[in-house]
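**Q**
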Amino acid sequence: MAPRPAARPDLALLLLLLAAAASGECGVPNAAQPRGRILGGREARPHLRPHMASLQLDGEHICGGFLIAEQWVLSAAHCTEETDGKLFQVLLGAHSLTEPEPHKRLYRVRAQIPHPGSNVYNNEDDLLLLQLEEKAELNEHVQVLPFQREQRDVAAGTVCEVAGWGTVTHSGRRPDRLQQVERPVLSRDECNHRTRHDHSITPNMMCTDSRKRDTCKGDSGGPLVCNGVAEAVVTAGSRVCGNYKKPGIYTRIAPYAAWIDRVMGALSGQEDTP
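Numbers -26 to -1, 1 to 248, taken from mature numbering (1 follows the signal peptide of the UniProt record, and there is no 0), label the letters of the sequence shown in order.
Okay, structure coming up:
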């Protein structure tokens, strides 16, 4: 596996300092995890989720993400595992990945910063910040989504929504247009039952029911939105999407708000140098 790329050579020292200051530690490695992957959902109404981003390599959708500030997109760190050192490009303002749309635009990425605690062996600290080369042009189809900063769990049974361009069938078919699905939140205790995720779900994670309707491959990095706020990021699920015994796993955002603010504050306004 190729190592994750540094954001930029001239920022290496700064990012090392940020990593040292970040909270949280890696989990104990066990085995490579199945990664976040909308099954059983439906096509979203066009442009009602103007925060959604498509992370792309060589023109191909790889993962989801969402705009949290004019120049910043939040996604999942594991999305960088198979990029061979390449930087993503970020598509904003899209409903269809291929059809012409009035505010759709592809942005280059200046810096790509995975949380320093993330790794290939487990789902710990699975967040990725992308700094765009320039501020996004905000309009009716491109908007920032607020994320949760309060340290509290979403009540079990709360129905939240997730959207993405990930796999929609077990045969692996990918959609061209944005899909959505609504899922109820499961309590951490229920998700940690030995027949489900067997105590691997930490306080920094949350789960939703995955019975026949689920996120699937290519949805990783998208937001789990509850009551209009991004509570978490799509992280992982079962190797078979829609498996009720393996609820979908999400990385909660609130525990990482200080890290997000630190990174954005340190890098925002930096001059681009050759």
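Don't be surprised by glycine CBs; every beta carbon is placed ideally from N, CA and C.
Can you tell me whether D235 is buried or exposed, with buried defined as 16 or more other CB within 10 angstroms of its CB?
**A** Exposed, since its Cβ has fewer than 16 Cβ neighbours within 10 Å.
**Q** Candidates Q86, E75 and L241: which alpha carbon is nearest L29's?
**A** Minimum Cα distance to L29 is reached at Q86.
**Q** So Q105 packs on R82, CB below 8 angstroms; how close in whole Å?
**A** Between R82 and Q105 the Cβ distance is about 10 angstroms, and since that is not below 8 angstroms, they are no contact.
**Q** Measure the CB-CB distance between T182 and P158 and report whether it falls below 8 angstroms.
**A** For T182 and P158, yes; Cβs fall inside 8 angstroms.
**Q** Have a look at H167 and T132 and give me their C-alpha separation to the nearest angstrom.
**A** So the two alpha carbons sit approximately 20 angstroms from each other.
**Q** Around the C-beta of L22, are 16 or more other C-beta atoms found within 10 angstroms, so that it is buried, or is it exposed?
**A** L22 comes out exposed.
**Q** In angstroms, rounded to a whole number, what distance separates the CA positions of L66 and L80?
**A** Their backbone Cα atoms lie some 6 angstroms apart in a straight line.
**Q** Tell me the rounded alpha-carbon separation between residue 333 and S242.
**A** For the chain, the structure presents residues -26 to 248; residue 333 sits outside this window and is missing.
**Q** Report the rounded CA-to-CA distance for E55 versus L61, giving the unit in angstroms.
**A** Taking the straight line from one Cα to the other gives about 12 angstroms.
**Q** Going by alpha carbons, who is nearest to P177 out of R126, A210 and T209?
**A** Among R126, A210 and T209, the Cα nearest to that of P177 belongs to R126.
**Q** Should D58 be labelled buried (16 or more other beta-carbon atoms within 10 Å of its own) or exposed?
**A** Its Cβ having fewer than 16 others within 10 Å, D58 is exposed.
**Q** What residue range does the alpha helix (DSSP H) around W46 cover?
**A** Element bounds for W46: not the alpha helix (DSSP H) but the beta strand (DSSP E), W46 to S49.
**Q** Would you please state the rounded distance, in angstroms, between the beta carbons of F40 and L103? I believe it to be under 8 angstroms.
**A** Between L103 and F40 the Cβ distance is about 12 angstroms, and since that is not below 8 angstroms, they are no contact.
**Q** At least one CB of chain B closer than 8 angstroms to the CB of L31: is that the case?
**A** No chain B appears in the structure shown, which is made up of a single protein chain.
**Q** Between the C-alpha atoms of Y218 and I175, what's the straight-line distance to the nearest angstrom?
**A** Those two C-alpha atoms are separated by around 16 angstroms.
**Q** State the start and end residues of the unbroken beta strand (DSSP E) segment that holds C200.
**A** Taken as a continuous stretch (DSSP letters only), the beta strand (DSSP E) holding C200 covers P197 to C200.
**Q** For R123, name the three-state secondary structure that DSSP assigns.
**A** In the structure shown, R123 sits in coil (DSSP, three-state: anything other than H, G, I, E or B).
**Q** DSSP three-state call for Y81: helix, strand or coil?
**A** Three-state DSSP puts Y81 in a strand.
**Q** Bridge partners for G222 per DSSP, in chain order?
**A** For G222, which the question treats as bridged, DSSP gives the partners T182.
**Q** Ends of the beta strand (DSSP E) at G33?
**A** Taken as a continuous stretch (DSSP letters only), G33 belongs to no beta strand (DSSP E), as it is neither H nor E.
**Q** Less than 8 angstroms between the beta carbons of A231 and I223, yes or no?
**A** Result no, Cβ atoms of A231 and I223 do not sit closer than 8 angstroms.
**Q** Going by CA-CA distance only, name the one from A43, A130, G138 and G33 that's closest to R19.
**A** Taking only the C-alpha atoms, the option nearest R19 is G138.
**Q** In terms of residue numbering, what span does the beta strand (DSSP E) encompassing G59 cover?
**A** Counting along the chain, G59 falls outside any beta strand (DSSP E), and DSSP gives it neither H nor E.
**Q** Answer with buried or exposed for E113, where buried requires no fewer than 16 other C-beta atoms within 10 angstroms of its C-beta.
**A** Reading off the sequence, residue 113 comes out as Asn, not Glu. Classification of N113: exposed, given that the 10 Å Cβ count is below 16.
**Q** Report the option in K109, E75, E44 and S49 whose CA atom is closest to the CA atom of I36.
**A** With distances taken between Cα atoms, I36 lies closest to S49.
**Q** Measuring only the C-alpha atoms, how far is P76 from R185?
**A** Between P76 and R185, the C-alpha separation is close to 37 angstroms.
**Q** Between which two residues does the alpha helix (DSSP H) holding V237 run?
**A** A231 to L241 is the extent of the alpha helix (DSSP H) around V237.
**Q** Give the list of continuous beta strand (DSSP E) stretches no shorter than 3 residues that lie fully inside the segment 88 to 137.
**A** Qualifying beta strand (DSSP E) stretches, in chain order: 102 to 106.
**Q** Quick check on R170: does DSSP put it in helix, strand or coil?
**A** The answer is coil: DSSP assigns R170 none of H, G, I, E or B.
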